[in-house]
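Novice:
Numbering (my numbering), first residue to last: 300 to 636.
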């Protein structure tokens with residue numbers, strides 16, 4: 300395995316779901332990390348892969364499955380796994396989604412946490428993720444002779460959220476996202492790519508030597524029994540229309556556990572243990588299909604920072620779920636060895 304490094308140039312838009320509510324007053328969720336489908340699409344673009352509209356339309360994931368097949372369809376290995384977040388080039392963290400907000404937590408502290416009574420001290424938080432909301436207006440070109448005349452699209456005033464990373468002292472921190480990738484792509488030393496919406500950019504590079512921080516990163520596809528914490532959303536795909544509650548037998552992907560007690564939840568934050576870890580379920584959008592110009596479906600997921608006790612290897616064979624895992628969903632970090 301080699302590594303992919305993405306260094307954002309400035310603030311980003313990293314939404315988990317479409318904006319809810321009226322166009323300007325709506326809200327949006329974020330983890331402060333890019334969705335795996337975003338990274339997958341970026342790789343496809345860098346490698347010159349073009350998707351057929353008809354194939355994407357027939358794909359239940361509206362293109363994710365097709366792109367996975369074009370990139371790698373011959374192995375039970377995830378195309379990408381991660382991310383680990385490098386903070387100010389010196390510290391490594393993972394995202395943790397909680398009721399109080401989303402935090403970047405010291406990776407060393409996470410790997411030493413007691414999975415039976417998970418607790419994160421406040422001084423192990425390297426940064427909190429802040430979203431600044433701003434109004435946005437979508438423009439269109441209308442041709443009234445030459446040159447083009449820009450005008451606002453009808454009803455296209457909206458609210459957009461930009462992600463920033465703030466230390467406990469209130470200062471901004473710089474981040475880089477590190478991913479394990481299935482092979483060396485020979486992208487060159489540095490490439491400037493579109494990343495984070497609204498014309499935002501990032502620098503992408505790769506290394507042939509896997510950094511030490513990625514050695515314990517894996518995917519649900521090939522995770523051995525043990526305790527793990529989620530690095531990317533862990534998808535929960537219902538088996539039928541009646542799957543209203545988090546029941547082991549109602550969702551694809553929970554075959555690796557014995558009971559819901561094996562989903563331990565998100566560690567509590569504080570110097571004293573005041574409450575048990577919480578299990579949180581979020582609605583997860585699978586991104587925007589550039590080929591079809593429409594949003595992909597939403598599913599349920601366990602957010603990043605959820606500790607789970609895997610009892611056996613995954614046996615799921617459904618293409619839809621396997622394609623999500625190959626795309627980088629349910630990336631895991633082993634926390635007790």
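Every residue, glycine too, gets a C-beta built ideally from N, C-alpha and C.
Quick caveat: nothing in here was measured; it's all calculated off a predicted structure.
Can the beta-carbon of residue 394 be found closer than 7 Å to that of residue 332?
Specialist: Closer than 7 Å, so yes.
Novice: Quick one: grab the DSSP three-state call for residue 321.
Specialist: Residue placement at residue 321 cannot be trusted, given a pLDDT of 45 that sits under 50; what the coordinates show is reported in the next sentence. Coil.
Novice: Out of 402, 600, 432 and 397, which one is the CA nearest neighbour of residue 423?
Specialist: The residue with the shortest Cα to Cα distance from residue 423 is 402.
Novice: Quick one, which of 374, 544, 563 and 391 has its alpha-carbon nearest residue 418's?
Specialist: The shortest Cα separation from residue 418 among 374, 544, 563 and 391 belongs to 563.
Novice: Indicate, with yes or no, if the ligand MG has a heavy atom lying under 6 Å from the CB of residue 565.
Specialist: This structure lacks the ligand MG; in fact it carries no ligand of any kind.
Novice: When you compare the CB positions of residue 626 and residue 339, do they come within less than 7 Å of one another, or not?
Specialist: In contact: residue 626 and residue 339 (Cβ atoms closer than 7 Å).
Novice: Could you say which of 467, 308 and 528 lies nearest to residue 414 if we only look at CA atoms?
Specialist: Answer by Cα proximity: 528.
Novice: Between the Cα of residue 307 and those of 478, 491 and 335, spot the shortest distance and give me the residue it belongs to.
Specialist: If we check each option's Cα against that of residue 307, 491 comes out closest.
Novice: Determine the closest residue to residue 386 out of 493, 477 and 472, with distance taken between C-alpha atoms.
Specialist: Of the listed residues, the one whose Cα sits closest to residue 386 is 472.
Novice: Over the uninterrupted beta strand (DSSP E) stretch that includes residue 350, give me the two end residues.
Specialist: Careful: residue 350 lies outside any beta strand (DSSP E) and carries neither H nor E.
Novice: Let me know if residue 461 comes out buried or exposed under the rule of 16 or more other beta-carbons within 10 Å of its beta-carbon.
Specialist: With 16 or more other Cβ atoms within 10 Å, it is buried.
Novice: Residue 364 and residue 350 - do their beta-carbons sit closer together than 7 Å?
Specialist: The answer is no: Cβ separation not under 7 Å.
Novice: Only counting the same chain, and skipping five residues up and downstream in sequence, which positions put a Cβ closer than 6 Å to that of residue 370?
Specialist: Hits under 6 Å: 378.
Novice: Between 619, 604 and 500, which lies nearest to residue 538 when the distance is taken from Cα to Cα?
Specialist: Nearest of 619, 604 and 500 to residue 538, Cα basis: 619.
Novice: Whose CA, out of 312, 634, 337 and 555, lies closest to the CA of residue 429?
Specialist: Nearest C-alpha to residue 429: 312.
Novice: In chain order, which continuous runs of the beta strand (DSSP E) of length 3 or greater are located wholly inside the segment 477-522?
Specialist: Fully enclosed beta strand (DSSP E) runs of 3 or longer: 490-493, 500-506 and 516-518.
Novice: How many Å lie between residue 477 and residue 345 at the Cα?
Specialist: Each residue's Cα considered, the two are about 17 Å apart.
Novice: Measure the beta-carbon distance from residue 396 to residue 330 and round it to whole angstroms, keeping in mind my assumption that it falls under 8 Å.
Specialist: Confirmed, about 6 Å.
Novice: Let's test the definition: count the other Cβ atoms within 10 Å of the Cβ of residue 485 and tell me whether it reaches 16, buried, or not, exposed.
Specialist: Exposed is the call here.
Novice: On the DSSP letters alone, give me the boundaries of the alpha helix (DSSP H) that residue 384 sits inside.
Specialist: Element bounds for residue 384: not the alpha helix (DSSP H) but the beta strand (DSSP E), 379-386.
Novice: Under 8 Å, with one C-beta from each stretch per pair, do the segment 592-602 and the segment 520-534 reach the 3-pair mark?
Specialist: Verdict: yes, contact present.
Novice: Are the segment 554-563 and the segment 604-614 in contact at 8 Å, needing three or more beta carbon pairs?
Specialist: Yes, they touch.
Novice: Is DSSP giving residue 542 helix, strand or coil here?
Specialist: Residue 542 falls in the coil class under three-state DSSP.
Novice: Would you identify the three-state DSSP class for residue 561, choosing helix, strand or coil?
Specialist: In the structure shown, residue 561 sits in a helix (DSSP, three-state: H, G or I).
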